[in-house]
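*Asks:* If you scroll down you'll find the structure; I have some questions about it.
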Amino acid sequence: WYQRRVRGHFSATMAIIVLTLLALGINAAPTKVLPGEVVEAVCQDELLTAGLSKYFARNVAHRLHSISLEDINEYFKAEVTEENDIPTVNKDLESEKRVLPFAPRAELDLSFTTDAVKYLDMILRDMDKEKYSITNFSILEKIAHVFHMSELWSRAAVHYRSLVE
Numbered sequence: 159w160y161q162r163r164v165r166g167h168f169s170a171t172m173a174i175i176v177l178t179l180l181a182l183g184i185n186a187a188p189t190k191v192l193p194g195e196v197v198e199a200v201c202q203d204e205l206l207t208a209g210l211s212k213y214f215a216r217n218v219a220h221r222l223h224s225i226s227l228e229d230i231n232e233y234f235k236a237e238v239t240e241e242n243d244i245p246t247v248n249k250d251l252e253s254e255k256r257v258l259p260f261a262p263r264a265e266l267d268l269s270f271t272t273d274a275v276k277y278l279d280m281i282l283r284d285m286d287k288e289k290y291s292i293t294n295f296s297i298l299e300k301i302a303h304v305f306h307m308s309e310l311w312s313r314a315a316v317h318y319r320s321l322v323e
């Protein structure tokens, strides 16, 4: 996966972002579902040998499920487009396509100067849409979620900067 994506599609900057995410136990590659015993017998040993958590797949999904194009550009100082090959959850819950093959644009209001207000505006702007984003979450829970994800991306960005410097 790495050679095909990096050599064929990713810029050097995007490759460094992916490597940073890998170093943090996050992988942008789609994973193949294997029987539980195979994962435990083979993959866990490989993951632990590589210095990664046995919760690798869960960490992958968690850190990437709601990242947007703006988040990639903000936290990783990358100039990427929507053709970025980072799978994310489709926030349009009426769509049959549950997972997008790319991190989409969130349409954040860039007139705000802080991430907190940009994210707050994004949540409040869509709060009346019944089939959008996270169902069964209150507005407060949606705000807490986006702030939590921002914290994770901010921490990953520190490692990213150490690789590009």
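Residue 208 in this note's numbering sits at position 50 of the sequence shown, with consecutive numbering throughout.
Glycine included, each C-beta is placed from N, C-alpha and C at the ideal position.
These figures come from a predicted structure and were not determined experimentally.
1. Report the rounded CA-to-CA distance for D229 versus A208, giving the unit in angstroms.
2. On a Cα-Cα basis, can you pick out the residue from H317, Y318, V275 that is closest to L266?
3. Is the beta carbon of R283 less than 8 Å from the beta carbon of S226?
4. Under the DSSP definition of a beta bridge, which residues are partnered with V247?
5. From I292, S224, E254, pick the residue whose C-alpha is nearest to that of M307; which is it?
6. So for Y290, helix, strand or coil by DSSP?
7. Give me the Cα-Cα distance between W311 and K249, rounded to the nearest whole angstrom.
8. I need the boundaries of the alpha helix (DSSP H) containing F214, first residue and last residue.
9. For L258 and R319, what's the separation of their Cα atoms in angstroms?
10. Buried or exposed for L222, please, with buried defined as at least 16 other CB atoms from any protein chain shown within 10 angstroms of its CB.
11. Around the Cβ of K289, are there at least 16 other Cβ atoms within 10 angstroms (buried) or fewer (exposed)?
12. Report, in whole angstroms, the separation of the C-beta atoms of T293 and L251, which I expect to be a contact under 8 Å.
13. Would you mind giving the Cβ-Cβ distance between E260 and E241, rounded to the nearest angstrom? I have them listed as a contact below 8 Å.
14. Measure from the alpha carbon of T246 to the alpha carbon of each residue in A219, E232, L278, then state which is nearest.
15. Which word fits H317, buried or exposed, when buried means at least 16 other C-beta atoms lie within 10 angstroms of its C-beta?
16. Counting only the same chain and skipping the five closest in sequence on each side, list residues whose C-beta sits under 8 Å from that of I301.
*Replies:* With the structure as the only source:
1. 27 Å
2. V275
3. no
4. Bridge partners of V247: V257.
5. S224
6. strand
7. Distance between the alpha carbons of W311 and K249: 19 Å.
8. 214–222
9. Cα to Cα, L258 sits roughly 27 Å from R319.
10. buried
11. exposed
12. 7 Å
13. Per the sequence shown, residue 260 should be read as Phe rather than Glu. Yes, F260 and E241 are in contact; Cβ-Cβ is about 6 Å, under 8 Å.
14. A219 is the residue among A219, E232, L278 whose C-alpha sits nearest the C-alpha of T246.
15. exposed
16. The residues Y277, L278, I281, in chain order, have a CB closer than 8 Å to that of I301 in the same chain once the five nearest residues on each side in sequence are set aside.
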